[in-house]
Every structure is written in structure tokens, then in C-alpha cells.
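Note that the protein sequences, when read in sequence, are chains A and B. Each residue of the first sequence is one higher than the one before, starting from 1 at the first, in this note's numbering. Each residue of the second sequence is one higher than the one before, starting from 1001 at the first, in this note's numbering.
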Amino acid sequence: MEFRVNHPILFILAGVLIAVVLAQSVFFLVKALKRSRQLGMDQKKIRKTIKTATIFTIAPAVAIVISIITLSKKLGLALPWLRLSVVGSMSYETVAANNALSAMGQSLGSNIPLTAQQFVNVLLVMTISILLGIWLVPLIGKKLQGGMSKLSNRDAKWADIFSNGLFIGMISAFLGFVFCDVSRLWSAGPDGMVTVVEKEVNEVGEKVDKVVQYSSTSGLIPVCVMIVSAVIMVLCGLAMRKPKLKWLSEYALPISLILGMAAAIPLTTWLS
Amino acid sequence: MKKNLCYLDSVHRDGRIWNLIVMVLLLAFPVAVAFIFGVYPDWKALGVGLVATAPMYWAVGAIETVTYVPMLGAGGSYLSFVTGNISNLKLPCALNAMEQNEVSANSEEGEIISTIAIATSSIVTTVIIIIGVICIVPLTPILEAPVLQPAFEQILPALFGGLGVAFVSKNWKLALAPIVLMLVLFIFIPALNEGTVGIMVPVSALFTIGTGRILYKKGVL
């Protein structure tokens, strides 16, 4: 059979895998819903949870579709469709694909079509390199959880601080990341521009330096977007205090996400 | 209490079976492609590609497992580590749901709410991606329009702004020290950026738990 990256058989193989993963999600959803009824949890709240999760997921999912479009130019549509539906993320798949391809004198940026062998290599590097989480959770997940419930039985208050500490630690790291380019404000030259050398893989798969110029205020774009999103969340919180506007609680996070993203459009024009 | 254990045990049993099936199928995909098109992998290039990629991602995977499993709960963990996009989608979704329902991640109610939120999010993501793949021809010019690019580039700040308010306001005593530390580190160390934020999550989480312990012992929390 002659190979091409958009061969129908690749879509069938990817489709089967995605169907299995979809079945896993449905299985766990049904299982949790059944248990929630057994425990007599408020089903109205459960429906709200499903609604909020659905609305919240739309924008990030559209961003994933954009990643698929970007990767599909070189790798065809079936492979990114599978990789971004099952494990993986844009940055991971790009790194893995580039590492696999550059070992064979190819690259994501070149126009030379992939051979079947190169395609298999890309697939193997992507799959093997990310497999750890899938088998490590079955291996140690139960022990980790057992540790948490032991902690909870011994000292419930400390266990709560411990798990809040995990959330807060993660959120703090991402808040820090939002500020990672702020230093451009004082490292800019007299023309108000910062020159950054970034690594790029060229058409024959070699890593080359690429010189990029950023304005000194460009590092403030993510900071301002974050502030807009935070302010909208605060406003939603204040509005929710009125009984008439209590329904906002389901939409507060999706609203602040979408409006924050929308604000990025004028902010980027203005600050870069 | 016994029933409680039974439910969690069954989640672990089912999760193990599902993840094993998915793992075997994932590995079968490249094997099937190689078989159907009658090619062997380029073993030497595969070795080079793997050495460049696997060690870093295996290390990140191990750290993510230890950090995220206690937050995601059992059902949520099995699903999240199969469907991916944890820190930018599944975890915020689960945290928001647990906060709205005022349940703790350590309780069975928290386990159920987290699983429902993550399963819903996974299903919606898969469906939206299927729609996107089917409609890729008409969608490409819209989604790749230059005017929309900044919005999708800033998805993480837009997400963590809202999420930050919800969590920091409730735990501001606990959050103060890690936020200051992370701001200083990210602003003044150039190597810290989007590619390395994943490594800083466990560092920040350990630091927060450490300072939390001190504050708890001193009776501040």
C-alpha cells in the first residue's frame, strides 16, 4: 500500500483508539453519577457541575483544534487528531516530532513529504516518551491516595491545608509564569526593543538561531490579560451576592476566561 | 465507611484495566502502521529521537503523577492521564467544580464531583475535536485569522487570572509566600518560561506545603 500522511486507514486506526478513550470517559461519568445518587447528593448541583464543565471546556478545546491544524500541515490530520485527543499537548507533540524528525534529517517546517518509515518513527517517539503517566497512575495512584486518606484520618485540618497547598502551589507557579517576560521592560535597548535569540529547526532538520525582536512592553500583555480576567471574576463574585444573579456562579470561570482572551486582542496591538 | 472503600477500590480496579487497554492500543498503533505499509522503524534514528525526548518527559510525567493525583482524585487521575491537557484544562475544571460544590478533594463527594467534571470535559473536548477535524477546511481560515491569534496565545493568563481570584481569596494567608517567591523567580531567572513552568509546579507546591506547615504550627491557619 502506498503511504501518505492522510491515508484513510490512519483515520480508521486513530478513530478506533479515540472511540475507546471516549468510552472510558463515559464509563467513569456513569459510574460517578450512579454513586452520587447512592450517596443522595443533590442532583441539581450535579447537573450544574456538568453544565459548567461543558461551557468551560469549549475555549480550551478550540485552542486544541488550532494546534491540530498547525501540526497537520506536516504530519497529516490523523496523527495530531489522535495525539491531541489522547494524552499529549501542542508543545509536547511539537518537541517530540521535531526530535524524531531531526534524527532523520527531516523537520516539521520543511515541505518534503514524510515517508512511512519517518511517520512510524515520529509515532514511536511520541508514544513511548509520554507513556509513563498512563501506567504510573495505575501503579502508584492507589498508594498516593491511601496516603492522603491516612493523613486525613490523623489530622483532618492539616490534610485540608496540605491539599490546598498543592492547588495554591500550582496556581502560584502559573501566576509567576505570567510575569516571565516582564523583565523586557528594563532590558530593552534605547530603541525600546529587546532582541531574543530563539532556537528553530530549519528545513533540513538542523537547529539554528533565529533572532526575534520584542517591544519592551510586550511582556506586560499576559499580565494585563490576567488582570482583566481576575477583575471580571471579582465582578462576577460581587454580582452573585444578589439572589437574582446567583446563576452567574456556573458561568463565572468561563466568562472570565473568554473575556480575558478577548481582551488579549486589543492589548496585544497596543503593547507589542 | 466500608461502602466508601468499596467504591474507591472499584474505581482503582476499573481505572487500571482501562489504562492498560489504552496503553496497549496506543503502542499497537505504530506497530499496525508499520505492518500495513510494510516498513520497519529507522532504529538508529529512533534511538536518537528517544534519547532526546523520553528522559525529560518521563521525569516530568513522574513528577506530575505525584503532584496531580492527590488533587484530581482516583477517577479523575485515570482519565486525565489518558486524555492529557491536565494543567490547562482538566485540573482547572475539576478545581472549579469542587470549589462550587464546596467539597474537599479528600472526601468521597470530592472524588465524585472531580470525576464528573473531568469526564464531562474529556467528552466535550473529544467531540469538539471531532467536529474540528471534520470541518477543518472551512474552519482553518477562521481559526487561523491573524486577529484571533493573540486570544489563543493568552489562554493560560486568562485562565489563571480567574482561577487565581477564586482560590487565592479563600486561602490568602497560605498563598502569599508562594506567589511572592514565584513572581521573583519568574521575573529574574530568564530560563523560567512556558517550557519550564511544569517543572516549577512541584517546587512551588512543596514550598507552599512547607510554609503551610509552619503557619499551621504557629496557629496562623
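Yeah, the Cβ is synthetic: ideal placement off N, Cα and C, and Gly gets one too.
What is the residue span of the alpha helix (DSSP H) that residue 255/A lies within?
-> Its alpha helix (DSSP H) spans residues 252-271.
In the DSSP assignment, find the alpha helix (DSSP H) that holds residue 113/A and state where it starts and stops.
-> Taken as a continuous stretch (DSSP letters only), residue 113/A belongs to no alpha helix (DSSP H), as it is neither H nor E.
Assigned secondary structure, residue 145/A (DSSP; H/G/I helix, E/B strand, else coil) | helix
Since residue 263/A contacts residue 223/A with CB under 8 Å, what's their CB separation in whole angstroms?
-> Contact flag wrong, Cβ pair sits at about 12 Å.
Residue 125/A beta carbon less than 8 Å from that of residue 1164/B | Their beta carbons are not under 8 Å apart, which means residue 1164/B does not touch residue 125/A by this criterion.
Segments assigned alpha helix (DSSP H), at least 4 residues, entirely inside the segment 176-234 of chain A = 184-187
Residue closest to residue 258/A, alpha-carbon to alpha-carbon, out of 186/A, 228/A, 108/A | 228/A
Secondary structure of residue 162/A, DSSP reduced to three states | helix
Rounded to a whole number of angstroms, what is the C-alpha to C-alpha distance between residue 1200/B and residue 1/A?
-> Distance between the alpha carbons of residue 1200/B and residue 1/A: 47 Å.
Collapsed DSSP secondary structure at residue 1192/B in the structure displayed | coil
Out of 103/A, 11/A, 64/A, 173/A, which has the shortest C-alpha to C-alpha gap to residue 88/A?
-> 64/A
Would you mind sorting residue 28/A into buried or exposed? The rule is 16 or more other CB atoms within 10 Å of its CB.
-> buried
For residue 1150/B, the first and last residue of its enclosing alpha helix (DSSP H) | Per DSSP, residue 1150/B belongs to the alpha helix (DSSP H) from 1149-1153.
How is residue 1012/B classed by DSSP in three states: helix, strand or coil?
-> helix
Give the secondary structure of residue 1002/B by DSSP, where H, G and I count as helix, E and B as strand, and everything else as coil.
-> Reliability of the predicted coordinates at residue 1002/B is poor, the pLDDT of 49 falling under 50, and the value obtained from them is presented with this limitation in mind. Helix at residue 1002/B.
Got a sec: is the Cβ-Cβ distance from residue 270/A to anything in chain B below 8 Å?
-> no
Residue 1197/B at chain A interface by Cβ criterion, 8 Å = yes
In chain B, what lies closer than 7 Å to residue 194/A by C-beta?
-> Neighbours of residue 194/A on chain B: none; closest Cβ ~11 Å, over 7 Å.
Start and end of the alpha helix (DSSP H) containing residue 1037/B?
-> Careful: residue 1037/B lies outside any alpha helix (DSSP H) and carries neither H nor E.
Selection of the segment 162-173 of chain A by Cβ proximity to chain B, strictly under 8 Å | 162, 163, 164, 165, 166, 167, 168, 169, 170, 171, 172, 173
My guess is that residue 60/A and residue 1123/B are in contact by the Cβ rule of under 8 Å, so how many angstroms apart are they, rounded?
-> Residue 60/A to residue 1123/B, Cβ: 14 Å. No contact.
DSSP three-state assignment for residue 278/A, whether helix, strand or coil = For residue 278/A there is no data in the structure shown, the boundaries of chain A being 1 and 272.
Quick one, which residues of the segment 230-245 of chain A are near chain B if we go by CB-CB under 9 Å, in chain order?
-> Answer in chain order: 230, 231, 232, 233, 234, 236, 237.
Going by beta carbon distance, what residues of the same chain come within less than 8 Å of residue 1089/B, once the five residues before and after it are set aside?
-> The answer, listed in chain order, is 1121, 1125.
What residues in its chain sit with their C-beta under 7 Å from that of residue 1181/B, if we drop five residues either side in the sequence?
-> 1207
Buried versus exposed, by CB contacts within 10 Å (16 or more), residue 1026/B = When all chains shown are included, residue 1026/B counts as buried.
Chain A within 8 Å of residue 1137/B, Cβ atoms only | no
Residue-chain proximity (residue 1146/B, chain A), Cβ-Cβ < 8 Å = no
Helix, strand or coil for residue 43/A, going by three-state DSSP, please let me know.
-> It is helical.
Using a Cβ cut-off of 9 Å, pull out every chain B residue sitting near residue 6/A, in sequence order please.
-> The contacting residues do not exist; residue 6/A stays about 11 Å from chain B at best.
Members of the segment 104-131 of chain A near chain B, C-beta cut-off 7 Å | 104, 116, 117, 119, 120, 121, 123, 124, 125, 127, 128, 129, 130, 131
So, is the C-beta of residue 1063/B closer than 8 Å to a C-beta in chain A?
-> Closer than 8 Å: no.
Counting only beta-carbon atoms, is residue 1001/B nearer than 8 Å to chain A?
-> Caution applies to residue 1001/B, whose pLDDT of 46 falls short of 50 and renders its modelled position unreliable; the value that the coordinates give is listed next. Judged by the 8 Å Cβ criterion, residue 1001/B is not in contact with chain A.
Figure out for me which residue from 1144/B, 1102/B, 1108/B, 1061/B has the closest Cα to the Cα of residue 35/A.
-> 1108/B
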